[in-house]
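Each residue of the sequence shown is one higher than the one before, counting from 1 in the UniProt record's numbering.
Glycine residues also receive a C-beta, built at the ideal position from the N, C-alpha and C atoms.
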Amino acid sequence: MIVIFAFIMFYLVSYVLNPYSRWWVEYINSSYYEILGEMTITFLFCVIMSESSIFMHKLLNKRFPWTQAPLKRLSIETIANIILVLILIFFQVLIHIALSGEEKREMSPQDLTDFAQFIVVSILIGLMISGINTGNFLIMNWKSSAMEALENKVKAAQHEQAAAEAELLALKLQIDPHFVFNNLSVLSELILEDQQLGYEYAENFSKVYRYLLLNAKKDLISLADEIKFIHAYIFLLQQRAGTGVQFNIEIDPALNHLRIPPLTLQLLIENALKHNKLLKDDPLKISIKGTDSEELTVSNGIKALDRKPVSAGIGLDNIKKRYRLLGKALPTIVQDSQQFTVIVPLIKL
Numbered sequence: 001m002i003v004i005f006a007f008i009m010f011y012l013v014s015y016v017l018n019p020y021s022r023w024w025v026e027y028i029n030s031s032y033y034e035i036l037g038e039m040t041i042t043f044l045f046c047v048i049m050s051e052s053s054i055f056m057h058k059l060l061n062k063r064f065p066w067t068q069a070p071l072k073r074l075s076i077e078t079i080a081n082i083i084l085v086l087i088l089i090f091f092q093v094l095i096h097i098a099l100s101g102e103e104k105r106e107m108s109p110q111d112l113t114d115f116a117q118f119i120v121v122s123i124l125i126g127l128m129i130s131g132i133n134t135g136n137f138l139i140m141n142w143k144s145s146a147m148e149a150l151e152n153k154v155k156a157a158q159h160e161q162a163a164a165e166a167e168l169l170a171l172k173l174q175i176d177p178h179f180v181f182n183n184l185s186v187l188s189e190l191i192l193e194d195q196q197l198g199y200e201y202a203e204n205f206s207k208v209y210r211y212l213l214l215n216a217k218k219d220l221i222s223l224a225d226e227i228k229f230i231h232a233y234i235f236l237l238q239q240r241a242g243t244g245v246q247f248n249i250e251i252d253p254a255l256n257h258l259r260i261p262p263l264t265l266q267l268l269i270e271n272a273l274k275h276n277k278l279l280k281d282d283p284l285k286i287s288i289k290g291t292d293s294e295e296l297t298v299s300n301g302i303k304a305l306d307r308k309p310v311s312a313g314i315g316l317d318n319i320k321k322r323y324r325l326l327g328k329a330l331p332t333i334v335q336d337s338q339q340f341t342v343i344v345p346l347i348k349l
């Protein structure tokens, strides 16, 4: 498209500059074959000039970006285009001399005028091509920046929504009367029965609340911190549920520096407890394992309740949403008749 524009503008500008030049008089009186040959040569010249200008424009984008020093870039590109056109004209003259054998012919004043006009027209066309390339680049760059800004706004809004949902889950756990009163009830009983165990229970209860208050709004937390929280949370659960649930945690210490969205493991444990029976003679077994594959495997046996619990679907959906917004691989759910497993990717920073 730009080649056709350059081709048309070449003739138009030439005519506007000097419609009575000898070149135009000879051109009009030429035969169709001569005109076709002249147009073919001009078209090839425009093709070479356009492609060379585009190549130089891309090269300058890497060395002298518009965003760093626009005036310097404008000056360099203008001078480079003029030099490029002069080089192309030089080679065109050499080819013309080689084909016509007119190496020793002296140029008349009219020849010099026509040649100067050809140089001026070529430089103007070269600058027009450069202007089109620059305008197209700036427009595309503006569109890209606008789209990126819009995507960032949408992503930020989604992040806020996911963070708000995670915070809501933490707040629900903090103010849930069942959670609070059950823990306080267990604590009061333990203090009367076993003061040492009561002290441990109170200490773990404070760890859980401290973790919720400090980390609920964060995007990521170290696996080591999440595991410490889960140990405290499990301690509370086991004091309430007794032998109805059993936990097995095996984490490779080499994974401790990796990251995970806070409350991920708590949500998965809560999901398992919500959908399964807790029987003392046949306890629910929940396993959390981490190997050198940089992922956690959280699995539990299936002991389905007689009635499916009403769930808002916040837990697993929230985990997936937060991974999606972080631009990471999503957790994978694997389920059969005996086992429910969630594979949680760990994140490197």
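What's the C-alpha gap between residue i and residue j?
i: Ala312; j: Lys321; result: Residue placement at Ala312 is flagged as unreliable, the pLDDT there being 48, under the threshold of 50; the coordinate-derived value follows with that caveat. Rounded to whole angstroms, Ala312 to Lys321 spans 15 Å at the Cα level.
i: Ile79; j: Tyr32; result: 37 Å
i: Leu17; j: Ile8; result: 14 Å
i: Asn276; j: Pro309; result: 9 Å
i: Phe10; j: Trp142; result: 30 Å
i: Leu138; j: Arg73; result: 13 Å
i: Leu223; j: Arg259; result: 5 Å
i: Ser50; j: Ser145; result: 27 Å
i: Arg210; j: Val186; result: 19 Å
i: Leu190; j: Gln196; result: 8 Å
i: Ala149; j: Tyr323; result: 21 Å
i: Glu151; j: Thr67; result: 21 Å
i: His57; j: Phe340; result: 57 Å
i: Lys280; j: Asn300; result: 16 Å
i: Leu296; j: Gly131; result: 55 Å
List the residues that DSSP assigns as beta-bridge partners of residue i.
i: Thr297; result: Lys289 and Ile343
i: Val334; result: Thr341
i: Ile251; result: Gly290
i: Asn276; result: Ala304
Tell me the DSSP secondary structure of residue i in three-state form.
i: Ser30; result: coil
i: Ile302; result: coil
i: Leu171; result: Low per-residue confidence applies at Leu171: pLDDT is 49, beneath 50, and the placement is therefore not dependable, though the value from the model is reported in the following sentence. Of the three classes helix, strand and coil, the one that applies to Leu171 here is helix, per DSSP.
i: Gln92; result: helix
i: Gln246; result: strand
i: Leu258; result: coil
i: Leu326; result: coil
i: Asn18; result: coil
i: Leu44; result: helix
i: Leu284; result: strand
Does residue i come within less than 7 Å of chain D when only Cβ atoms are used?
i: Lys207; result: Here chain D cannot be found, since the structure has a single protein chain.
I'd like the span of the alpha helix (DSSP H) that includes residue i, first residue to last.
i: Phe229; result: Leu223 to Ala241
i: Leu213; result: Gln195 to Asn215
Give a yes or no on contact between the stretch 220-232 and the stretch 253-271, applying the rule of three or more CB pairs nearer than 8 Å.
yes
I'd like to know if the stretch 189-209 and the stretch 233-249 are in contact, where contact means that at least 3 CB-CB pairs between them fall below 8 Å.
yes
Check whether the stretch 111-120 touches the stretch 32-41, counting contact only when three or more Cβ pairs, one atom from each stretch, lie closer than 8 Å.
no
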